[in-house]
Amino acid sequence: MDNTGRQDGQPLEDASPRNSRRRFSSSDKIYRFLLTACAALIIVVVLAMIAVIGQGSWLSIKEFGFGFLFGQTWDPIKGEFGALPFIYGTVVSSVIAVVIAAPLSIGVAVFLVEQAPRSLARPIAFLVEMLAAIPSVVYGLWAIFVLAPFLRQVVFPPLQASLGWLPFFKGTPTGIGMFTGGLILAIMITPIITAVVRDILEAVPVTQREAALALGATKWETSRIVLANAASGIAGAVILGLGRAIGETMAVTMIIGNRPQISASLFDPAYTIASVIANEFTEATGDLYLSALVEMGLILFVVTFIVTALAKLLILSVGRKTQHTA
Amino acid sequence: MTSLTALCTLGVISILILILGYISYQGITSLSWQFLVETPKPVGEGGGIGNAIVGSLILLGLASLVGIPLGIAIGTYLAELGSGWFGTIVRFVADSLIGVPSIVFGVFVYALIVLQQGYFSTLAGSVALALIMIPIVTRTTEEIVKLVPKSMREGALALGAPEWRVTWDIVLPAAKTGIATGAMLAIARVLGETAPLLFTAFGSRFYNIYLDEPMASMPVQIYNYAISPFEEWHAKAWAATLVLITLILLINISVRYSTRKGY
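Residue numbers (the numbering used here), protein chains in the order written: chain L, 43 to 368; chain F, 31 to 293.
Below, the structure is given as structure tokens:
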């Protein structure tokens with residue numbers, strides 16, 4: 043603690059903005075080195091993840107090549123592995139989630155930022171954020187014992203009676219299947235999209251709203267102008283939610299039925315990439331089986347990494363930093 | 031249109047109330063002292079989540095020991111030194127890591143540690159959780175440290191303090207409430223993580239304190255109880271959920287309360 047820092051005789055006057063502004067004492071060199079090393083570590087971790095997961099999937103990549111992505115059979119006994127049913131399940135359940143969650147979240151965010159009185163907005167925003175704090179496994183538990191029976195008994199019968207001629211609503215609605223999976227995902231990503239859209243709307247300057255109001259726009263028209271100006275950021279928020287939905291594991295695993303099939307009916311069981319990893323990883327016998335599952339992890343890693351990065355770029359394009367930590 | 035957006039909000043809030051209400055209603059009936067201290071037993075013989083509670087605390091403690099200091103260091107780097115190209119890359123990587131599903135960290139740690147050692151272990155579970163915590167703590171720390179006024183740093187530098195003392199004695203103390211908030215939220219987040227533990231810490235039916243053995247945790251125990259065919263175990267799943275969700279909400283609410291007073 044007796045280190046006083048700079049060697050004396052070093053004038054401070056060369057205050058050019060960058061690192062050259064003064065000569066660093068040795069303690070500062072250590073400080074900079076340590077912090078930079080920690081920061082470098084996160085990059086090392088990502089590179090290690092790519093290397094280790096890539097190496098783990100090598101056997102499967104060598105065996106199946108790109109055909110892995112289009113193969114429809116998942117037969118551990120015969121040693122045949124194709125990811126298409128899982129990719130289908132992941133994409134469809136995530137799309138259902140986003141289609142439900144996006145308008146809902148934007149509605150909540152608009153209400154909180156543009157319409158609700160401040161005193162009401164704060165506690166409500168807190169409650170919405172609490173939804174993000176509930177663990178995935180708890181959503182799964184609730185979905186099994188509350189949501190699925192409710193859908194089976196109350197929602198699905200009239201839906202099938204009126205729209206049963208569509209291929210999406212054929213089959214036996216057991217409550218366990220693609221639609222329920224998508225719905226629980228929608229609930230889970232709503233707080234995430236809401237939080238980001240809120241941040242974006244709050245970043246839109248008040249002067250824009252005042253200008254619109256001064257021109258005679260109604261409150262709703264003003265909100266629409268604000269939304270239009272934040273469109274790219276809102277798209278980013280929705281994509282962020284999509285990324286979350288793609289990678290969500292436990293709740294979906296518990297409710298989607300875990301059957302690798304491609305069925306048009308939303309009532310039928312399905313399977314997702316994350317679910318098959320969660321279910322079969324510990325019981326994977328044989329190197330090829332394990333490798334195929336690790337390749338599933340690789341697909342998930344690459345896709346979510348890119349989706350999140352894309353979302354972040356869109357959000358930043360609105361011109362303000364936003365956080366999404368919960 | 032206000033009524034439509036208000037309806038959206040009402041819908042979302044009621045889902046939260048429905049979920050929390052149902053957990054309390056179902057969970058409270060099976061909750062007892064025995065349940066909180068006993069280990070899992072076969073159907074019909076009672077049993078509880080004592081070892082899972084201890085397991086969660088150990089896993090979380092180890093993960094925090096590594097994840098929180100590292101996250102704070104990286105976040106501080108980004109705020110104080112991260113204006114160049116390297117900082118941009120680190121920030122981008124940390125941001126994108128937040129979006130990577132937790133199960134991918136499980137796969138990574140499985141291939142890295144479990145496969146090499148040949149057994150599931152507490153150590154592997156903690157590493158997976160730590161990896162999830164790092165980017166979360168990094169981002170909150172950066173945001174908070176950036177809020178510390180520049181004049182405070184300049185004042186200290188003008189007095190001849192070296193950079194590391196400015197960070198250690200001026201900037202970090204000023205930001206400590208916010209940093210603690212971020213750390214607590216990260217803890218609350220991984221407290222409920224199941225997927226990365228399934229094939230790292232795996233789960234256990236016994237009390238355990240060893241790093242090289244499988245370790246029980248609350249979320250994994252809830253999962254095992256929930257997907258079982260026994261009604262008695264379903265009741266246990268609800269009770270365990272009540273315990274878990276109470277802990278998580280307590281952390282979230284206390285953090286909220288303390289930060290509101292702080293600003």
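A virtual CB, placed ideally from N, CA and C, is assigned to each residue, including glycine.
### Query
Considering only the beta carbon of each residue, do residue 108 of chain F and residue 172 of chain F sit closer than 7 Å?
Contact: yes.
### Where residue 116 of chain L sits in the DSSP three-state scheme
Strand at residue 116 of chain L.
### Query
Quick check: the stretch 131 to 139 of chain F against the stretch 286 to 304 of chain L, are there 3 or more CB pairs under 8 Å?
Short answer: they touch.
### Query
Taking only beta-carbon atoms, is residue 273 of chain F less than 7 Å away from chain L?
With respect to chain L, the C-beta atom of residue 273 of chain F has no partner C-beta closer than 7 Å.
### Query
Along chain L, in chain order, which residues have C-beta atoms closer than 8 Å to that of residue 252 of chain F?
Annotation: Cβ neighbours of residue 252 of chain F in chain L (cutoff 8 Å, chain order): 179, 180 and 183.
### Under 7 Å by beta carbon: chain L residues contacting residue 107 of chain F
Per Cβ cutoff of 7 Å: 77, 78, 80 and 81.
### Task
Show which residues of chain L have a CB atom less than 8 Å away from the CB atom of residue 134 of chain F.
Those are 91, 95, 289, 339, 342, 343 and 346, listed as they occur along chain L.
### Task
List the residues that DSSP assigns as beta-bridge partners of residue 312 of chain L.
Answer by DSSP bridge pairing, in chain order: L:299.
### Message
Can you give me the C-alpha to C-alpha distance between residue 132 of chain L and residue 139 of chain L, rounded to a whole angstrom?
### Response
Each residue's alpha carbon lies about 11 Å from the other.
### Query
Which class does residue 123 of chain L belong to by DSSP, given the choice of helix, strand or coil?
DSSP places residue 123 of chain L in the strand class (E or B) of the three-state scheme.
#### Entry: Residue-level contact to chain L via CB, residue 152 of chain F, 7 Å cutoff
Interface flag for residue 152 of chain F against chain L is unset, since no Cβ pair is found closer than 7 Å.
#### Entry: Interface residues of chain F facing residue 157 of chain L [CB-CB closer than 8 Å]
Correct list: 32, 35 and 36.
### Message
Taking only three categories from DSSP, how would you classify residue 18 of chain L?
### Response
Nothing can be reported for residue 18 of chain L, as the shown portion of chain L is limited to 43 through 368.
### Query
Can a CB atom of chain L be found closer than 7 Å to the CB of residue 282 of chain F?
It does; some Cβ of chain L falls within 7 Å.
### Task
May I ask you to report which of helix, strand or coil DSSP gives residue 77 of chain F?
The answer is strand: DSSP assigns residue 77 of chain F an E or B state.
### Query
Going by the CB atoms, is the gap between residue 102 of chain L and residue 320 of chain L shorter than 7 Å?
No Cβ-Cβ contact shorter than 7 Å links residue 320 of chain L with residue 102 of chain L.
### Query
Which whole-angstrom value is the C-beta distance of residue 245 of chain F and residue 111 of chain F, which I expect to be below 8 Å?
About 37 Å; that fails the 8 Å criterion.
### Query
Quick one, are the C-beta atoms of residue 304 of chain F and residue 174 of chain F less than 7 Å apart?
No statement about residue 304 of chain F is possible, as the shown extent of chain F runs from 31 to 293 and does not include it.
### Whole-angstrom distance between residue 212 of chain L and residue 302 of chain L, CA atom to CA atom
The C-alpha of residue 212 of chain L is placed about 18 Å away from the C-alpha of residue 302 of chain L.
### Query
Closest Cβ-Cβ distance between residue 229 of chain F and chain L: below 7 Å?
At a cut-off of 7 Å between beta-carbon atoms, residue 229 of chain F makes contact with chain L.
### Query
Taking the Cβ atom as the reference point for each residue, do residue 139 of chain F and residue 123 of chain F lie within a distance shorter than 7 Å?
Residue 139 of chain F places its beta carbon 7 Å or farther from that of residue 123 of chain F.
### Query
Mind checking if residue 153 of chain L is an interface residue toward chain F, Cβ cutoff 7 Å exclusive?
Residue 153 of chain L counts as touching chain F.
### Query
So which residues of chain L does residue 52 of chain F contact, with C-beta pairs closer than 9 Å?
Ordered by position in chain L, the residues that pass the 9 Å Cβ test against residue 52 of chain F are 184, 187 and 188.
### Query
Which runs of the alpha helix (DSSP H), 4 residues or longer, sit entirely within the stretch 72 to 160 of chain L?
Within the stretch 72 to 160 of chain L, complete alpha helix (DSSP H) segments of at least 4 residues are found at 109 to 112 and 126 to 152, given in chain order.
### Message
Quick check: what's the CA-CA separation for residue 236 of chain L versus residue 353 of chain L?
### Response
Roughly 14 Å between the two C-alpha positions.
### Task
Take the Cβ of residue 86 of chain L as the centre, count every other Cβ of all protein chains shown within 10 Å, and call the residue buried at 16 or more, exposed below.
In summary, residue 86 of chain L is exposed, with fewer than 16 beta-carbon neighbours lying within 10 Å of its beta-carbon over all protein chains present.
### Task
Pick helix, strand or coil for residue 165 of chain F, following the three-state DSSP scheme.
For residue 165 of chain F, the secondary structure class from DSSP, reduced to helix, strand or coil, is helix.
### Message
Any contact between the stretch 222 to 231 of chain L and the stretch 169 to 187 of chain L? By contact I mean 3 or more CB pairs, one from each, below 8 Å.
### Response
Contact between the stretch 222 to 231 of chain L and the stretch 169 to 187 of chain L is present, because at least three Cβ pairs lie under 8 Å.
### Message
Would residue 297 of chain L and residue 312 of chain L qualify as a contact pair, given that the criterion is a beta-carbon distance under 7 Å?
### Response
Contact: no.
### Message
Cutting at 6 Å between CB atoms, please list the residues of its own chain near residue 227 of chain F, excluding the five before and the five after it.
### Response
The residues are 155, 247 and 250.
### Message
Is it buried or exposed, residue 164 of chain L, if we count other Cβ atoms within 10 angstroms and call 16 or more buried?
### Response
Burial state of residue 164 of chain L is exposed, judged by a 10 Å Cβ sphere holding fewer than 16 other Cβ atoms.
### Message
My output table needs one value for residue 233 of chain L: the three-state DSSP class, helix, strand or coil.
### Response
Looking at residue 233 of chain L - three-state DSSP - the assignment turns out to be helix.
### Query
What distance in whole Å lies between the Cβ atoms of residue 101 of chain F and residue 162 of chain F, which are believed to be in contact at a cut-off of 8 Å?
Contact flag wrong, Cβ pair sits at about 10 Å.
### Query
For a contact meaning CB atoms closer than 7 Å, what does residue 67 of chain L contact in chain C?
No chain C appears in this structure, whose protein chains are L and F.
### Closest residue to residue 340 of chain L among L:359, L:160, L:96 and L:159 (Cα-Cα distance)
Answer by Cα proximity: L:96.
### Task
Closer than 9 Å, Cβ to Cβ, to anything on chain F: give me those residues from the stretch 223 to 245 of chain L, in chain order.
Those would be 229, 232, 233 and 236, in chain order.
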